[in-house]
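Participant:
Residue numbers (our numbering), protein chains in the order written: chain A, 513 to 754; chain B, 21 to 646.
As structure tokens, this is what we get:
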């Protein structure tokens, strides 16, 4: 993450706000510390950066780059909350909605879902233009405590990195290529792996959507009292600056 | 060779279980590759060749031997087109499904194979003898339609030859028998040229004319690394794979990075549809390629190199292995090259397994490391941290050849050929609707017209320069020049006459990119599918004028947010045809006054419900009597 903090900080700007960064920091790491929120889905605190959802695309040095993997550079003027960039981000979020089967009203993650919250933040209020791909992926309910509904998976890979790097297990991985690329488990099904409900990879914070389901706790927190019922996604970072 | 199917006798081709006796064999295969996870592609290729599939139990055994998890092995095995988790036939027939093959009779050839073998494309015969499938461009567009039969290549297929070949295979003869009944006694070069014509139509001074042996390397050993970088820089040489980065600078960057080891990789993963120039260099100039790699190694201080050969060019494997062996024998590879103490360099051949994306240098490095062919996050760049984290120079086959020639003849000589900013000669692979498809080595700077006159393609209506990721131009742009600054190309020039349907070509190219996207990032994985669907809408005549804006808008998002060059160029077939052939789109676009989307088909929308309810609609069923 923030890596080795050297004494020598430097400054750059994000939408005109001066931000301090240290050598080796990415644009997003510096922005988070400074209380500037850059939308993201595949990036998550404590996990390796992957740069795959591209929702954190910003303009730096005239080029569009992923803020989660792009190193901050001294004096650079980074554009973040522009109409153009938010439109691109909305397109990407719409793509993720259309790639899978995201039926918010019947999903137990509704209100806690980062994809849904990102759609609200990016003002995805109109009818979308994209075709629905309507995949048909089998539910894996083999494990006594955990179920997987990969119809809701957005291929962010956070569970893969959490299981590999935090839990030291490697329960999840990507298989396939292109539009057929998806998250799969290390075995015939989830019961075939050493997954436990106490794994970091299984925790509510890691899966941004309703793909990894902890059985029997889905509605312990009622709708209306959930994470994003309290504020827009990213507000806790933005509040640092207020 | 033994059949990988279980002995249950069931005709179920979806399950592939290896008899338990094979456990030791899989362990042995892993052992021949040092149980090294970085050699995963070699291991999986061997298992695939041996058992015609990579079964769940094979995944487990490979994982055990290499210290990986099963899902990691499965991730690699499921990424590459030539690897399969379900059984393929002992003879795997891959028909090249490029647009050029389609225009030269692929459909009729396919029907013949289907008829004789009794299976459809995508199927494996119940006895496990044959599988038939389509594969994207295999680099034979100058002699299409073409096919791969295991490791053998067949070209210029006709209904007659296809029938003969299919029957011969069905009678139990080997794919090699199709080429020659004395295949075993042919040299590797003879085998390669029996299968595939070089089709060199014009040899230039730099690459395909007479080339003295080792002249470049002999000069290089008397020079300091800095002198070599300077010579390559001053020659103006730029990468010939398509991106056009200054070669000398790339080498200098890799050398200036502090590291214990450095690597030189030759990118022979020529996958851009319509490109086949490297095929000819690999066949006719293997020594020059490796000489160029050796010079690069000398300059940057690398002791190991990799020649990454695309899986489709497996028929060149033994030719290249022989070239490497010969160089080792002559003291041109190995330790103390040319008797110079400490000048150590050797090259291993890495075979790909069917993935266009591996032509991208980061993805190519991933593939060499035994991973799925996914591009790497940049920065760091390969020259800083590439193969296994060490500084790595990745250059195209042609680039290495040019480098060797520059060191022989001098930077000035090379710089004086071509135009300002685009120096030297370039190999153009020209195919499609022209009289003389093949390889032309020409200086940069020719106009498209001049090229068309030379190849006998004057009646062209459209020319695809640089393959699908390049530019499709119309006759009003044929005055444009083939240079880095005007029409850049990695070498592909595909000629289309006035009878060809532009939208059909665009749809094909989009389906190619959908097939070849690695799927890592959202815009390329999903956006290209949407583009392909949108083009299909135009072809069906269901598009509105707003759909043209939609195409541009979606293309813009894909280009701007994609992670690597594939997504940054994949909308080009759409965008360049929208720009240069606007009438093609306008002709099939209908404004709709009532605001109802033509793509909404009430019949298919109610079809599911209709089946469940076992009822039909008086209003919407076209023919209620059915």
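Note that the Cβ used here is the ideal one computed from N, Cα and C, for glycine as well. Because the structure is a prediction, the values reported are computed rather than measured.
For residue 416 of chain B, list the residues DSSP reports as bridge partners.
Facilitator: B:287
Participant: If you drop the 5 nearest sequence neighbours on each side, which residues of the same chain put their C-beta closer than 7 angstroms to that of residue 730 of chain A?
Facilitator: 620
Participant: Near residue 560 of chain A, which residues of its chain fall below 8 angstroms by C-beta distance, leaving aside the five closest residues on each side in sequence?
Facilitator: 673 and 677
Participant: Go through its chain and collect everything with a Cβ distance to residue 686 of chain A's Cβ below 8 angstroms, but skip five positions before and after it.
Facilitator: 667, 669, 672, 693, 694, 695 and 696
Participant: Quick one: any contact between the region 254 to 274 of chain B and the region 473 to 482 of chain B, if contact means 3 or more CB pairs under 8 angstroms?
Facilitator: no
Participant: Pick helix, strand or coil for residue 333 of chain B, following the three-state DSSP scheme.
Facilitator: helix
Participant: From residue 627 of chain A to residue 661 of chain A, what does the alpha carbon distance come to, in whole angstroms?
Facilitator: 15 angstroms
Participant: Report the option in B:532, B:445, B:515 and B:487 whose CA atom is closest to the CA atom of residue 503 of chain B.
Facilitator: B:445
Participant: Residue 155 of chain B and residue 117 of chain B look like a contact to me (Cβ under 8 angstroms); what is the Cβ gap, rounded to whole Å?
Facilitator: 6 angstroms
Participant: Any idea what DSSP makes of residue 197 of chain B, helix, strand or coil?
Facilitator: In the three-state scheme derived from DSSP, where H, G and I count as helix and E and B as strand, residue 197 of chain B is classed as helix.
Participant: Which residues in chain A have a C-beta closer than 9 angstroms to the C-beta of residue 581 of chain B? List them in chain order.
Facilitator: 566, 567, 569, 576, 578, 600, 601, 603 and 604
Participant: Return yes when the Cβ of residue 451 of chain B is within less than 8 angstroms of the Cβ of residue 294 of chain B, no when it is not.
Facilitator: Judged by their CB atoms, residue 294 of chain B and residue 451 of chain B are nearer to each other than the 8 angstroms cut-off.
Participant: What do you reckon, are the CB atoms on residue 448 of chain B and residue 471 of chain B nearer than 8 angstroms?
Facilitator: yes
Participant: In the DSSP assignment, what residue or residues form a beta bridge with residue 591 of chain A?
Facilitator: A:571
Participant: Within 10 angstroms of the Cβ of residue 376 of chain B, are there 16 or more other Cβ atoms? Answer buried if so, exposed if not.
Facilitator: Burial call: buried.
Participant: When the Cα of residue 395 of chain B is compared with those of A:548, A:563, A:753 and A:546, which residue comes out closest?
Facilitator: A:563
Participant: Can you give the beta carbon distance from residue 370 of chain B to residue 61 of chain B, rounded, assuming they're within the 8 angstroms contact cut?
Facilitator: 7 angstroms
Participant: Starting from residue 116 of chain B, follow its DSSP beta bridges and name the residues at the other end.
Facilitator: B:155
Participant: Kindly provide the ranges of any alpha helix (DSSP H) runs that are 4 or more residues long and lie completely inside the region 172 to 238 of chain B, ordered along the chain.
Facilitator: 179 to 190 and 208 to 215
Participant: Is residue 58 of chain B close to chain A, meaning its C-beta is less than 8 angstroms from at least one C-beta of that chain?
Facilitator: Not closer than 8 angstroms to any Cβ of chain A, the Cβ of residue 58 of chain B fails to qualify, so no.
Participant: Using beta-carbon positions only, say whether residue 270 of chain B and residue 403 of chain B come within less than 8 angstroms of one another.
Facilitator: yes
Participant: Can you tell which of B:632, B:267 and B:491 has the C-alpha that lies nearest to the C-alpha of residue 422 of chain B?
Facilitator: B:267
Participant: Check residue 407 of chain B in the structure and name its three-state DSSP category.
Facilitator: helix
Participant: Run through the DSSP bridge pairs and tell me what residue 492 of chain B is partnered with.
Facilitator: B:484
Participant: May I ask you to report which of helix, strand or coil DSSP gives residue 368 of chain B?
Facilitator: strand
Participant: Residue 194 of chain B to residue 130 of chain B, Cα distance in whole Å?
Facilitator: 20 angstroms
Participant: At 9 angstroms on the CB atoms, spell out the chain B contacts of residue 611 of chain A, in chain order.
Facilitator: Correct list: 542, 545, 546 and 549.
Participant: What are the boundary residues of the alpha helix (DSSP H) that residue 267 of chain B is part of?
Facilitator: Looking at the DSSP string, the run of the alpha helix (DSSP H) that includes residue 267 of chain B is 267 to 276.
Participant: Going straight from the alpha carbon of residue 41 of chain B to that of residue 58 of chain B, what length do you get?
Facilitator: Interpretation of residue 41 of chain B is limited by its pLDDT of 49, a score under 50 that renders its predicted location unreliable; the figure taken from the coordinates is listed afterwards. Straight across, the Cα-Cα distance linking residue 41 of chain B with residue 58 of chain B is about 26 angstroms.
Participant: Out of B:322, B:521 and B:540, point me to the one whose CA is closest to residue 411 of chain B's CA.
Facilitator: Out of B:322, B:521 and B:540, the CA that lies nearest to the CA of residue 411 of chain B is found in B:322.
Participant: Output the distance between the C-alpha atoms of residue 547 of chain A and residue 533 of chain A, rounded to the nearest integer angstrom.
Facilitator: 13 angstroms
Participant: Assuming residue 150 of chain B and residue 119 of chain B form a contact by the criterion Cβ under 8 angstroms, report the distance between their Cβ atoms to the nearest whole angstrom.
Facilitator: Rounded, the Cβ-Cβ distance is 26 angstroms, inconsistent with contact.
Participant: Report yes if the C-beta distance between residue 73 of chain B and residue 107 of chain B is below 8 angstroms; otherwise report no.
Facilitator: yes
Participant: Distance, Cα to Cα, residue 606 of chain A vs residue 612 of chain A?
Facilitator: 10 angstroms
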